[in-house]
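Below: the structure, in structure tokens.
In mature numbering (1 follows the signal peptide of the UniProt record, and there is no 0), the protein residues as written are -30 to -1, 1 to 252.
See the structure below:
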């Protein structure tokens, strides 16, 4: 068993599920803006993004530290790559696997996606999930463009699935899968690193994602080059530079909508708590 308890890799099932809800075609293929709705006359002034970020970061920092060097028993029956599809089916059901997941080369896809979620870009070709139906939707709001309220509905089916995942069973599954995950992580370019470490970093990033003023304003990404962007295949970015500076995973989390983001963060916090419980001395 390598340093930093292998049980941390179990976080990948919830991280994958959360990532799937986030990545499930959340890249910005947009429908035309809808007419603006009258603004509330008594709208309260929300806290600044910077203040929310500081508050969220403080909350994440207050979580118990897993630390490095913790040891847990190795899985009695490590999971081979060929058996991953069957194991996922046992966990969430055949229909859910076929609907939501890309099972081929799953360990590599999962490791690469978790790693990329903590960076500035998470390429969709590596995602362990299928595309989300529909397009990213925007609407006019007070003279600007904002993420449409109904856009969050696209992610609701997967968020509901995430909430049904048995965290204890997920931990058991990914203890078995960890040898494949670590192998993929080393092949990704980290021969001396541990996927467990990276996984925990990304989970804590998710938990530290700030709340943002609703609705979230967006703007067309500037296209640099001789070929202009063509409608409706337009790409959007956050108008607020502080939000745009967040990691790819945090921005995707915000795009799922306020309620979905809160539910996904709650599931990740539950999962992290289970990891700590499983790693504590008996």
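Backbone N, C-alpha and C define an ideal beta-carbon position, used for all residues, glycine too. What you are looking at is a predicted structure, and each value in this text was computed from that prediction instead of being measured.
Query, Result
"My assumption, with CB atoms under 8 angstroms, is that residue 95 sits in contact with residue 154. Please give the rounded CB distance.", "So it is not a contact: roughly 16 angstroms between Cβ atoms."
"From residue 203 to residue 106, what does the alpha carbon distance come to, in whole angstroms?", "Its pLDDT being 47, under 50, residue 203 is placed unreliably in this model, and the coordinates cannot settle the point."
"Assign residue 112 to one of two classes, buried (16 or more other C-beta atoms within 10 Å of its C-beta) or exposed (fewer than that).", "exposed"
"Under a three-way DSSP split, which group does residue 186 fall into?", "coil"
"By Cβ distance, which residues of its chain are closer than 8 angstroms to residue 129, with the 5 residues on each side in sequence left out?", "-10, 226, 230, 233, 234"
"Which same chain residues, not among the five before or five after residue 87, have their C-beta less than 7 angstroms away from its C-beta?", "-12, 172, 217, 218, 219"
"With distance defined between alpha-carbon atoms, name the residue in 116, 135, 49 nearest to residue 63.", "135"
"Assign residue 150 to one of two classes, buried (16 or more other C-beta atoms within 10 Å of its C-beta) or exposed (fewer than that).", "buried"
"Quick check on DSSP: helix, strand or coil for residue 42?", "Its pLDDT being 38, under 50, residue 42 is placed unreliably by the model, and nothing is read from it."
"Which ranges does the alpha helix (DSSP H) cover as unbroken runs of at least 4 residues, wholly within the stretch 138 to 190, from first to last along the chain?", "165 to 177"
"Flag this pair as touching only if the stretch 45 to 58 and the stretch 141 to 148 have three or more C-beta atom pairs under 8 angstroms; answer yes or no.", "yes"
"Tell me, to the nearest whole angstrom, how far the beta carbon of residue 137 is from that of residue 212; I am working on the premise that it is less than 8 angstroms.", "Wrong, their Cβ atoms sit about 32 angstroms apart, outside the cutoff."
"In or out: residue 68 buried (at least 16 other Cβ within 10 Å) or exposed?", "exposed"
"Taking all protein chains shown into account, do 16 or more other C-beta atoms lie within 10 angstroms of the C-beta of residue 74, making it buried, or fewer, making it exposed?", "exposed"
"Use the C-beta contact count for residue -24: other C-beta atoms within 10 angstroms, 16 or more gives buried, fewer gives exposed.", "Low per-residue confidence applies at residue -24: pLDDT is 35, beneath 50, and the placement is therefore not dependable enough to give any value."
"So, for residue 187: in the same chain, excluding its five sequence neighbours on each side, which residues have a beta-carbon less than 6 angstroms away from its beta-carbon?", "114, 116, 209"
"Could you tell me which whole beta strand (DSSP E) segments of length 3 or greater appear in the stretch 84 to 120?", "106 to 111, 114 to 117"
"Just how far apart, CA to CA, sit residue 76 and residue 55?", "8 angstroms"
"Rounding to the nearest angstrom, what Cα-Cα distance links residue 168 and residue 83 in this structure?", "11 angstroms"
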